[in-house]
Each structure stands twice: as C-alpha cells, then as structure tokens.
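*Asks:* The working numbering applies: residue 18 is where the sequence shown begins, and numbers increase by one.
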Amino acid sequence: MSSNSTKITYTFALMILSMSLAPLSALANAPLKTITLPLPEINKGFDKKTTDEATAEAKDQSKEINWQEHTVKIGKNDSLSTALYRVNINASTTYHLGHLKNSNLITNLRVGDKLKIWVDKHDKLQRILYPKSKTLAYEVIKTDNGYQIHEKKAKVEIRTETAFATINGPFYLAAKRAGLSAKSIMQIADMFAWDIDFIRQLRKGDTLKVIYETRYLNGEYLGDGDILAAQITTNKGQNVHNAFILRKNKEVIGFYDDKGHNLKKAFLRAPVDYVRITSKFTPRRFHPILKKWRSHRGVDYGGPLNTPIHVTGNGKIVARGKARGYGNYIKVQHAGKYLTVYGHLNKFGKYRRGQFVKQGDVIGYMGQTGLATGVHLHYEFRINGKHVDPLKVKFPAAGPVPKKYRNEFKKKSHFFLTQLNRLDAPTQIVRNFE
Ligand SMILES: [Zn+2]
Numbered sequence: 018m019s020s021n022s023t024k025i026t027y028t029f030a031l032m033i034l035s036m037s038l039a040p041l042s043a044l045a046n047a048p049l050k051t052i053t054l055p056l057p058e059i060n061k062g063f064d065k066k067t068t069d070e071a072t073a074e075a076k077d078q079s080k081e082i083n084w085q086e087h088t089v090k091i092g093k094n095d096s097l098s099t100a101l102y103r104v105n106i107n108a109s110t111t112y113h114l115g116h117l118k119n120s121n122l123i124t125n126l127r128v129g130d131k132l133k134i135w136v137d138k139h140d141k142l143q144r145i146l147y148p149k150s151k152t153l154a155y156e157v158i159k160t161d162n163g164y165q166i167h168e169k170k171a172k173v174e175i176r177t178e179t180a181f182a183t184i185n186g187p188f189y190l191a192a193k194r195a196g197l198s199a200k201s202i203m204q205i206a207d208m209f210a211w212d213i214d215f216i217r218q219l220r221k222g223d224t225l226k227v228i229y230e231t232r233y234l235n236g237e238y239l240g241d242g243d244i245l246a247a248q249i250t251t252n253k254g255q256n257v258h259n260a261f262i263l264r265k266n267k268e269v270i271g272f273y274d275d276k277g278h279n280l281k282k283a284f285l286r287a288p289v290d291y292v293r294i295t296s297k298f299t300p301r302r303f304h305p306i307l308k309k310w311r312s313h314r315g316v317d318y319g320g321p322l323n324t325p326i327h328v329t330g331n332g333k334i335v336a337r338g339k340a341r342g343y344g345n346y347i348k349v350q351h352a353g354k355y356l357t358v359y360g361h362l363n364k365f366g367k368y369r370r371g372q373f374v375k376q377g378d379v380i381g382y383m384g385q386t387g388l389a390t391g392v393h394l395h396y397e398f399r400i401n402g403k404h405v406d407p408l409k410v411k412f413p414a415a416g417p418v419p420k421k422y423r424n425e426f427k428k429k430s431h432f433f434l435t436q437l438n439r440l441d442a443p444t445q446i447v448r449n450f451e
C-alpha cells in the first residue's frame, strides 16, 4: 500500500476517533485529505501480558536456553496424545493436560495444525504453543501450580476505508472494481435487499459509495470488517438510499437510513438474489427479462436455470401445484392482506402446502414451466386480492433506532453522510494509483 492511501486511511480513522472529542460541526467542515499523520507504531505480535505473566516468562527465558523446541505437524488420525508421544512426553502428563480446565482448546486439533512444544532436558513438558489462526493462539505453560491453558489474542488494527463505484453493468463487478471484497459486497446487498431490487432498479450511471472497516495484523491485510455506511442511487440517481450502522460495543444492532428507519422490512424488494447470481455467472450468460409490469400484472426475473427463489416475507404456503399458464407455482399468504405468487418454477423447495416459511427461505428454483418463453420467475404481489407493483409498494418496516441510541445515531449518521457526500470519483482515482 502506498503512503498516499495510508495517509488518507489514517486521516479518516482519526476523524472518526476524534468524533467524541470535538463538536461535530467543526469536524464536518474539516478537510479530509490535508492532515498528514506519522504512522502509529504497529503492535507486533500478541497482546502485552500482565506483569505477573511477564515476570514468570522472564524467569522462564533463562531456563529456555536448555529447553528443546519441537514443531509437530498434526496429520490424519493424530491427536494431542500422539503429538506429545512423538516428543517423548510421558502418558501421565498427556492425561493430566486432557483433564485441565478448557482442555478442549488444545485437544480439538485439525489436520495441518502445527504445535510448538518445548521440553526440558529431563523430557518434561514446559510449554505448548498452538496457533489457531493469524490472530489467535492457545498456550500451555508449566507453573508452580501445574499446567495452565491461556488464550493469546493478537491485537488487530482496524482501519477505515472508502470505496466509490459507478454502475455500468452487474452491481457485483462494479463493487469489486472499487476494491470491495466479496464478503463486503454481499453484506451491502443484504442490507439493501429490502429497499433495492438490484435487477430492476439499478441503471447505468448509478453509484455506490461505502465507508467500511478493514482489519490488519502487523501491517498485513486480514480482511474486511463491518460496513459503517453505504449509499446507493437507483433509477439514474433519482433515488438515494442510505444505510448507517448502529453498534453496541462490537455487536451490530442493525442498519438504518438517515431518518433512523430500519432497513429491515416485512418484504424483500425482490425474490431473486441478483448480486449473488452475478458473482458466480458472467453477465453474458443471462439477461433479466424486463417486461412492463402493467401488461401482465407481475414482475419477471430472468436468470440461470435453477436460480434459488426466496420467499419475500414471512408467511404460509397456501398453494403449491401446477397450472397451464403459471407452470409450477407457489402462493404464500402473509399476515392478513398480503399474498405473493411465484410461477414457472423448475422445481419446488422443501416446503409443502400448509407450512410456514420465513423471509428469505428458498421455496423453489427458477425454470420455464407453463407458458414461458425462457427461464424466468413470474412474481406477483397482491394486497387484498389486488395486484400491485412490488417495486412501488411501501412495506412496513421493523422498529426504528431504539430511543436510547437516537442521539448518538443522529450524530454518527450525520458525520458519515457528510463523508459519503464528499466521496466521488476523483477520490477513488487517488486510491487506484497505489
Ligand atoms: Zn410474468
């Protein structure tokens, strides 16, 4: 990574960090790219230990000169016992370890794991280090009170980054080009799944803007973290959809728009997960059929044969069968007045007539049974028996930002919105020159 983008990242991280220290209005007007900060020192390796542990380890270091270090690779049919046996640890020690508190942390070994084992000149076990992942390791140490198992967590550095994409084809590819990981793209698609039909509402020239977290260990990229804020325009920029995270400690409570409304609704905007389809198929392999809904009172979605079809809301399957026009079809009754219909299915999912389904469950697979000229899903949305365009209905939303978080959310979402509004193509070009 170049110093340029690193600078931007840190500047941005600083602004977010300092949110609690300075009045918001001052920050909102602060220039984004002009502050240059020295890079903070990167925390090397695992967390600092408590004083007691450090003292104990210092004592150990002197002895360690006489210890022998072994690396044992776990193969098929290996266990902690066979690993220890290979370095001449006696069976009673192994038995003892297996009965320690949290012993499962060191006995649940996987093929390919590497254990580091230290033994003294009397073949007595002194220490085991079991790296579980890049950021987590388990350690067994010998103390005056016997063996103890510890967890060692590496300190992960969280950075804040931004992405900007102009849509000129499948959403997935545009987001990928902007530098977002597959995980982040799916997260964005999921959080907007209630509001945006990614097949029918995105147009050439629409934009995606994202502020998101990335995780680093000793300067090495580990992966993307949470999406903090995102903005997508639809219908050639006519509609702007915002999403802002609400977290308590590190737990995500939900995503809300700039007015604090929950992005979650009683119905998904579309029964087909277009973003996931286009992440696996090249766009040339299918063309969404975009018939006018008025002409036949439904919305058609094209896609590869057997594309999973998700029920758009919680409800009960009231019909599952075959008809001349619809082919294989399913009707789902939702709380009171809503009914959804899915037609031309190639095959049904596991849910039968009379069963309850939850929003997002796969109830069938796309096909061209009945009167259909190509593989597609025919989707209808009815309110009190009347056909309505599902793209235009206002769906009831889940609860808004809880009262106790409202002030905090207002400040943070305002801050993020200011940043999103500043994000544009030129900012992105700077990142692309890395
Ligand atoms: Zn149709």
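Even glycine gets a Cβ: it sits at the ideal position worked out from N, Cα and C.
1) For Leu388, is the classification buried or exposed, using 16 other Cβ atoms within 10 angstroms of its Cβ as the cut-off for buried?
2) Residues around ligand 1, please: the ones whose beta-carbon is closer than 6 Å to some heavy atom of it, in chain order.
3) Work out the CA separation of Ala154 and Ser98 for me, nearest whole Å.
4) Out of Phe426, Leu122, Gln376, state which residue places its alpha-carbon closest to the alpha-carbon of His278.
5) Alpha carbon to alpha carbon, what distance is there between Met203 and Thr324?
6) Taking DSSP as the reference, what is the three-state secondary structure of Lys226?
7) Are Gly381 and Phe365 close, meaning C-beta to C-beta below 7 Å?
8) By how many angstroms is the C-alpha of Leu142 removed from the C-alpha of Glu168?
9) For a test of the three-state rule: what should DSSP assign to Asp207, helix, strand or coil?
10) Of all the options Asn345, Tyr346, Thr390, Lys354, which has the alpha carbon lying nearest to the alpha carbon of Lys403?
11) Would you give the residue range spanned by the alpha helix (DSSP H) that Ile249 belongs to?
12) State whether the region 236 to 248 contacts the region 279 to 291, with contact taken as three or more CB pairs (one from each stretch) at a distance under 8 Å.
13) Candidates Ala336, Gln350, Ile270, Ser201: which alpha carbon is nearest Arg293's?
14) In terms of residues, what are the limits of the alpha helix (DSSP H) holding Gln218?
15) Determine the extent of the beta strand (DSSP E) in which Gln376 is found, giving its start and end residues.
16) What residue range is occupied by the uninterrupted alpha helix (DSSP H) comprising Gly338?
17) Give every residue of the same chain whose Cβ lies closer than 7 Å to the Cβ of Arg302, excluding the five residues on either side of it in the sequence, and list them in chain order.
18) Using three-state DSSP, classify Lys193 as helix, strand or coil.
19) Quick check on Tyr382: does DSSP put it in helix, strand or coil?
20) Determine the burial state of His139: buried for a count of at least 16 other Cβ atoms within 10 Å of its Cβ, exposed for fewer.
21) Let me know the secondary structure DSSP gives Gly277 once reduced to three states.
22) Rounded to whole angstroms, what is the Cα-Cα separation between Asn424 and Asp275?
23) Can you grab the Cα-Cα spacing for the pair His351 / Thr111, in whole Å?
24) Relative to the alpha-carbon of Asp401, which residue among Tyr318, Leu356, Lys118, His361 has its alpha-carbon at the smallest distance?
25) Which residue from Tyr147, Gln376, Tyr189, Glu156 puts its Cα closest to that of Gln165?
26) Relative to the C-alpha of Lys420, which candidate in Ile106, Leu263, Val173, Arg232 has its C-alpha closest?
27) Would Lys429 be called buried (16 or more neighbouring beta carbons within 10 Å of its own) or exposed?
28) When DSSP builds the beta bridges, which residues end up paired with Leu356?
29) Kindly confirm or deny that the region 213 to 230 and the region 177 to 192 touch, where touching means at least three C-beta pairs closer than 8 Å.
30) What are the start and end residues of the alpha helix (DSSP H) that includes Asn438?
31) Which parts of the region 118 to 187 are runs of the alpha helix (DSSP H), unbroken and 4 residues or longer, counting only runs that do not cross its ends?
32) I need the boundaries of the alpha helix (DSSP H) containing Tyr318, first residue and last residue.
33) So which of Ile347, Lys333, Val349 has the shortest CA-CA distance to Gln372?
34) Between the beta-carbon of Tyr229 and the beta-carbon of Ile213, is there less than 7 Å?
35) Since I believe Gly315 is in contact with His395 (beta carbons under 8 Å), could you give me their beta-carbon distance rounded to a whole number of angstroms?
*Replies:* Inspection of the coordinates gives the following:
1) exposed
2) His313, Gly315, Asp317, His395
3) 19 Å
4) Phe426
5) 17 Å
6) strand
7) yes
8) 18 Å
9) helix
10) Lys354
11) Where Ile249 is concerned, there is no enclosing alpha helix (DSSP H), although the beta strand (DSSP E) it sits in stretches over 237 to 251.
12) no
13) Ser201
14) Where Gln218 is concerned, there is no enclosing alpha helix (DSSP H), given that its DSSP letter is neither H nor E.
15) That residue, Gln376, is in no beta strand (DSSP E); it is neither H nor E in DSSP.
16) Here Gly338 belongs to no alpha helix (DSSP H); instead the beta strand (DSSP E) covers 332 to 340.
17) Because the pLDDT of Arg302 is 44, which lies under 50, any placement of that residue in the model is unreliable, and the number read from its coordinates should be weighed accordingly. Around Arg302: Pro321.
18) helix
19) strand
20) exposed
21) coil
22) 13 Å
23) 58 Å
24) In the sequence on display, residue 401 carries Asn and not Asp. Ranking Tyr318, Leu356, Lys118, His361 by Cα distance to Asn401 puts Leu356 first.
25) Glu156
26) Leu263
27) buried
28) Gln350, Arg399
29) yes
30) 423 to 439
31) 121 to 124
32) Counting along the chain, Tyr318 falls outside any alpha helix (DSSP H), though it belongs to the beta strand (DSSP E) covering 316 to 319.
33) Lys333
34) no
35) 5 Å
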